[in-house]
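Everything below concerns the one structure shown next.
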Amino acid sequence: MIDQSKPDHIQAHIQVIDRAAALLDAIARYSEPVSLKILAAETGLHASTAHRILASLIQNRFVEKDAVGRYRLGLRLLQLGVRLHANVDVRAIARPVMESLRDRLGETVNLTIREGDAVVYIEKATPNRMIHVQQLVGSRAPLHVTAVGKLMLGAAGEEAIRAYAARTNLPAYTRNSVSTLPRLLAECRESLEQGYALDNEEAELDVGCIGVLLYDSTGNVSAGLSVSAPIERRRLEWTADLIEAAERLSAQLGHQPPRPQTQPA
Numbered sequence: 001m002i003d004q005s006k007p008d009h010i011q012a013h014i015q016v017i018d019r020a021a022a023l024l025d026a027i028a029r030y031s032e033p034v035s036l037k038i039l040a041a042e043t044g045l046h047a048s049t050a051h052r053i054l055a056s057l058i059q060n061r062f063v064e065k066d067a068v069g070r071y072r073l074g075l076r077l078l079q080l081g082v083r084l085h086a087n088v089d090v091r092a093i094a095r096p097v098m099e100s101l102r103d104r105l106g107e108t109v110n111l112t113i114r115e116g117d118a119v120v121y122i123e124k125a126t127p128n129r130m131i132h133v134q135q136l137v138g139s140r141a142p143l144h145v146t147a148v149g150k151l152m153l154g155a156a157g158e159e160a161i162r163a164y165a166a167r168t169n170l171p172a173y174t175r176n177s178v179s180t181l182p183r184l185l186a187e188c189r190e191s192l193e194q195g196y197a198l199d200n201e202e203a204e205l206d207v208g209c210i211g212v213l214l215y216d217s218t219g220n221v222s223a224g225l226s227v228s229a230p231i232e233r234r235r236l237e238w239t240a241d242l243i244e245a246a247e248r249l250s251a252q253l254g255h256q257p258p259r260p261q262t263q264p265a
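Mapping the sequence shown onto UniProt numbering, position 248 (from 1) lands on 248, and the numbers just tick up by one.
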């Protein structure tokens, strides 16, 4: 509903902001760069209008354009997204712990945040060995095919999982991908209960991951921590190290786990 009490030039500026937000939301729903045609259709904007707003978002580094003219979220959004309460930079806190885990396990350790329907890799610690899993900082992956993503979905609750499945249709990326709602519900629930999740070659064949969540001072999920390895090298005994690291980082972010209730004498 348009507020007629505001001058026309203010209404126009507000409309541009609304349209820019709609375009950012549309881009965030895709794990891969998306075309102008799709963005215009999703937002209901004329292609020329969407193109003009996207050009301004690119200039301000909120959006990036790839070599074939498709759009993805920009690094400035990534930089803003990793700032938590009280301007705490989760990357700076996590990096020493990630490097320690990498040295102990000999595999790649990743830090991710949720952005729309995807996880975004915001930091990594890679081992000094010839063959290792390589994740690019700034790259994205759908929630349902990643270990951390399944935990994030589980933490959001069943209704949110159903809505995610309806939006995305759970596309399969490998023969092992979770692609049905009942299986996704079961895996998210089980992962959240046990405190860690697995990616069993679901995003990429021959790659396995173990993921855990980091929590902030409000008890909300702030990020995800995972170790990725060639599937034949992945070991479930790493889970204890990963959970311990996540608890330590969550404490540094101000999280206080609920105290166990004592039984009356």
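Every residue, glycine too, gets a C-beta built ideally from N, C-alpha and C.
Segment limits, alpha helix (DSSP H) that includes residue i
i       : result
Leu-192 : 181-194
Asp-103 : 90-105
Arg-154 : Before going further, note that residue 154 is Gly rather than Arg in the sequence given. Here the alpha helix (DSSP H) through Gly-154 covers 147-156.
Ile-131 : No alpha helix (DSSP H) holds Ile-131; DSSP gives it neither H nor E.
Ser-226 : Premise fails: Ser-226 lies in the beta strand (DSSP E), 221-230, not in any alpha helix (DSSP H).
Ala-240 : 238-252
Arg-234 : Neither: Arg-234 is in no alpha helix (DSSP H) and is coded neither H nor E.
Ala-203 : Here Ala-203 belongs to no alpha helix (DSSP H), and DSSP marks it neither H nor E.
Extent of the continuous beta strand (DSSP E) run through residue i
i       : result
Thr-112 : 108-115
Asp-199 : 197-200
Glu-32  : Looking at the DSSP string, Glu-32 is not in any beta strand (DSSP E), and its letter there is neither H nor E.
Leu-73  : 71-73
Cβ-based burial, residue i [other Cβ within 10 Å; buried from 16]
i       : result
Glu-237 : exposed
Gly-149 : buried
Asp-117 : buried
Asn-110 : buried
Met-152 : buried
Ser-56  : exposed
Arg-234 : buried
Ala-223 : buried
Val-68  : exposed
Ile-122 : buried
Through-space distance from residue j to residue i, alpha-carbon basis
i       : j       : result
Asp-66  : Arg-114 : 22 Å
Arg-95  : Ala-125 : 8 Å
Ile-38  : Asp-199 : 30 Å
Pro-182 : Ile-231 : 25 Å
Arg-70  : Cys-209 : 29 Å
Leu-214 : Leu-192 : 12 Å
Leu-170 : Gly-195 : 23 Å
Thr-239 : Leu-225 : 11 Å
Asn-176 : Gln-59  : 40 Å
Arg-61  : Arg-76  : 5 Å
Asp-216 : Leu-105 : 26 Å
Met-1   : Arg-167 : Low confidence applies to Met-1: its pLDDT is 35, below 50, so where it sits in the model is not reliable, and the reading given next is rough at best. So the alpha carbons of these two residues sit roughly 26 Å apart.
Val-16  : Gly-44  : 13 Å
Ala-20  : Tyr-30  : 16 Å
Ile-93  : Thr-112 : 13 Å
Gly-219 : Ser-100 : 25 Å
Val-63  : Asp-89  : 22 Å
Leu-54  : Val-120 : 21 Å
Leu-36  : Ala-156 : 31 Å
Gly-74  : Pro-257 : 34 Å
Glu-32  : His-255 : 33 Å
Ser-179 : Asp-241 : 30 Å
Val-207 : Ile-14  : 46 Å
Val-221 : Asp-18  : 27 Å
Contacts around residue i, its chain only, beta-carbon distance under 8 Å, and the 5 residues preceding and following it disregarded
i       : result
Tyr-173 : Pro-142, Val-145, Glu-202, Ala-203 and Glu-204
Val-34  : Ala-26, Ile-27, Arg-70, Tyr-71 and Arg-72
His-46  : Ala-40
Thr-108 : Arg-102, Lys-124, Ala-125, Thr-126, Pro-127, His-132, Val-133, Gln-134, Gln-135, Val-227, Ser-228 and Ala-229
Arg-129 : Gly-106
Leu-24  : Leu-57, Phe-62, Val-63, Leu-73 and Leu-77
Sequence-distant residues of its chain with Cβ nearer than 7 Å to residue i (five each side left out)
i       : result
Gly-154 : Cys-188, Arg-189, Ser-191 and Leu-192
Val-97  : Ala-245, Arg-248 and Leu-249
Glu-158 : Leu-185
Ile-243 : Gly-195, Tyr-196 and Val-212
Arg-91  : Val-82, Leu-111, Ile-122 and Glu-123
Ala-22  : Thr-43
Taking contact to mean at least 3 C-beta pairs separated by less than 8 Å, is the stretch 132-147 in contact with the stretch 181-199? yes
Under 8 Å: do the stretch 158-166 and the stretch 40-53 share three or more Cβ pairs, one atom per stretch? no
Check whether the stretch 241-255 and the stretch 131-141 touch, using three or more Cβ-Cβ pairs below 8 Å as the test. no
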